[in-house]
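In what follows, a single structure is set out as structure tokens and then discussed.
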Amino acid sequence: MKAAAFDYIRPDTLEAVLEALDRAGDEGRIIAGGQTLVPMMAMRLVKAELLIDINHIQTLTGIDTSAESLSIRACTRQAEAAASKEIINNLPLLAKALEHVGHTQTRNRGTVGGSVANADPSAEIPIVARCLDAKITALKKGSERQICAGNFFYSAMDTALEDTECLTEIRFPIWNEEVVGSGFHEVSIRNSDYALVAVAAQLATDSGGICTRAAVAVGGCAPAAVKIDAVGKALVGRPLSDTDFDEACGLVVEALDPDTDVHATAEYRQRVAGRIVRRVLEEARAEVYEARNE
Amino acid sequence: MSEQYLKKINVTVNGVSQVAQIPPRMTLLDFLRDELDLTGSHAGCEHGVCGACSVIHDGAPVRSCLMYAVQADGCEVTTVEGLSHADGTLSILQDCFCETHAMQCGYCTPGMLIAGHSLLQENSSPSEMQIVEAIGGNICRCTGYRQIIEAIALAASRLKEAS
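Residue numbers (this note's numbering), protein chains in the order written: chain Y, 291 to 584; chain V, 13 to 175.
Have a look at this one:
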């Protein structure tokens, strides 16, 4: 369980990182927190000739909030994000998801960008990114592009990122409706381990309690997190009654086609997904009621 | 060393500056154990699951098997050896582990001590749930965790009396 030999550099600027990536082509790889990459290299599931360490690039850490969105720079530690008042106040759904990310020792080192770039099918941050249609910024030498979360995640460790691109930022839209509620829940073998099934949901209503926007995304039931668009369509214009939720859960279960693995059968995952969707929708609805009564 | 790439690093370990030439693929754990003979940090799973290799890196507990030693260049690391006093007497937390029989085979103990120590640095009166959460990333196959939780709670109350 030792990684194969590789060379290592620690550039001081983002420009130097992009230059090194450009030169290394498919033999280079970014290392940030290393909480996914280091074990993958130890098990020789990933090989690199050159690791480019971005931990010391000041411009890659921090959280910025505007009226419309909250941006997290790639190298921001998961522990820092989980403790961020900005995230708790402006993006409660992400704050709830971050409570489930890793253990103390891995959160202190693991980064938000790494969680997205390595794209584990049940990792929490990608599920929220899918739910809210986050935009991911990728830079390479001489160019920059924004990738919608819906087009970013393919499967575990497989994303739209090119070999020479560096993920620099994830921008989560902030919903500005008068009343917004959210919910996040997951089922895992050991608390804070990767989830068997995880669900994120966010609801907005008008002042009369009629749903104006709804988003649900599920992790652990496909090679990447999936957003269930049918749920949004089914709930909008409805009063968010139990019957509406029953219908929404049915649509989720119908849309999922999980695989069986050593941890859980496909049937189990599907059944649990239906239950968790129900639970997070109720959690989001309770927040909506609370906000309306204030 | 037949390694093709060698890097020079300078890491402060338990207060002592250590300069070494190491291959980038060497984990911080292997550097501590094999190069510095600090065998208190244990190699359990070596892929970030068991927590036996936990050390404090620039003030925060991390898994030393999930960092390359080269990444620790310029950083401060505290291992379980650094938790006891300079004269070798045990810390309050370490004493409490002995008193409550918080170890059996001892394999997880260094990681549990680092986790408990880090928690008590941040939170002088943790609830039982907070203790459970703090050691949640550390696996023990002997004790059933009960005595470890007791040890950390006992240390919290002793530390408060002492301050």
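All C-beta atoms in this analysis are idealised placements derived from N, C-alpha and C, irrespective of residue type, glycine included.
The beta carbon of A146/V sits closer than 9 Å to some beta carbon of chain Y.
The beta carbon of V542/Y lies closer than 7 Å to those of V506, V508, I518, V521, A563, G564, V567 in the same chain, with the five residues before and after it left out. DSSP, reduced to helix, strand and coil, places I460/Y within a strand of the structure shown. The C-alpha of V391/Y is placed about 29 Å away from the C-alpha of E434/Y. For I362/Y, the enclosing beta strand (DSSP E) covers residues 359 to 363. Under the DSSP definition of a beta bridge, I68/V partners with P73/V, T90/V. Excluding five sequence positions before and after Y80/V, the CB atoms of its chain that fall closer than 8 Å to its own CB belong to P36, R37, M38, T39, L40, given in chain order.
Going by beta carbons, T427/Y and T449/Y fall outside the 9 Å limit. By a beta-carbon distance limit of 8 Å, A114/V does not contact E145/V. Their separation comes to about 17 Å. L341/Y is bridged by DSSP to Y298/Y, R319/Y. Chain Y places a beta carbon closer than 9 Å to that of S130/V, counting this residue as a contact. Unbroken beta strand (DSSP E) stretches of 3 residues or longer found wholly inside the stretch 24 to 69 of chain V: 28 to 34, 66 to 69, given in chain order. DSSP lists V487/Y as the bridge partner or partners of V477/Y. With a threshold of 16 other beta carbon atoms within 10 Å, P411/Y meets it and is buried.
Taking a contact to require three or more Cβ pairs closer than 8 Å, the stretch 130 to 150 of chain V and the stretch 84 to 101 of chain V do not qualify as touching. For D448/Y, the secondary structure class from DSSP, reduced to helix, strand or coil, is strand.
Shown here, C154/V sits in coil according to DSSP, grouped into three states, outside any helix or strand.
Contact between P548/Y and A512/Y holds: their C-beta atoms lie close to 7 Å from each other, under 8 Å.
Looking at H346/Y, F474/Y, A515/Y, G440/Y, the one whose alpha-carbon comes closest to that of A306/Y is H346/Y.
Fewer than three Cβ pairs drawn from the stretch 464 to 484 of chain Y and the stretch 438 to 454 of chain Y lie within less than 8 Å of each other, which leaves the two stretches out of contact. DSSP places I437/Y in the strand class (E or B) of the three-state scheme. Excluding five sequence positions before and after Y298/Y, the CB atoms of its chain that fall closer than 7 Å to its own CB belong to L341, D343, given in chain order. Counting along the chain, D354/Y sits inside no alpha helix (DSSP H); it lies in the beta strand (DSSP E) bounded by residues 353 to 355. Between A72/V and the set E370/Y, V336/Y, R559/Y, the nearest pair of CA atoms involves E370/Y. Taking a cut-off of 8 Å on C-beta distances, the stretch 419 to 426 of chain Y touches the stretch 437 to 449 of chain Y, as three or more cross pairs fall below it. For I460/Y, no Cβ of chain V is located within less than 9 Å of the residue's own Cβ. With a cutoff of 9 Å on beta-carbon distance, E467/Y and A494/Y are scored as near each other.
Rounded to whole angstroms, the gap between the alpha carbons of F109/V and V23/V is 29 Å. Within the model, the alpha-carbon separation for S137/V versus P122/V is close to 22 Å.
For A512/Y, the secondary structure class from DSSP, reduced to helix, strand or coil, is coil.
Under the DSSP assignment, K430/Y falls in the beta strand (DSSP E) whose first and last residues are 425 to 430. Taking 7 Å as the cut-off between beta carbons, the residues of the stretch 384 to 415 of chain Y near chain V are H393, T394, Q395, T396, N398, R399, in sequence order.
Taking 9 Å as the cut-off, the beta carbon of A387/Y is found closer than this to the beta carbon of A488/Y. In this structure, V336/Y keeps its C-beta atom at 9 Å or more from the C-beta atom of L350/Y. One finds Y17, P36, R37 in chain V with Cβ atoms closer than 8 Å to the Cβ of F296/Y, taken in chain order. In the three-state scheme derived from DSSP, where H, G and I count as helix and E and B as strand, C501/Y is classed as strand.
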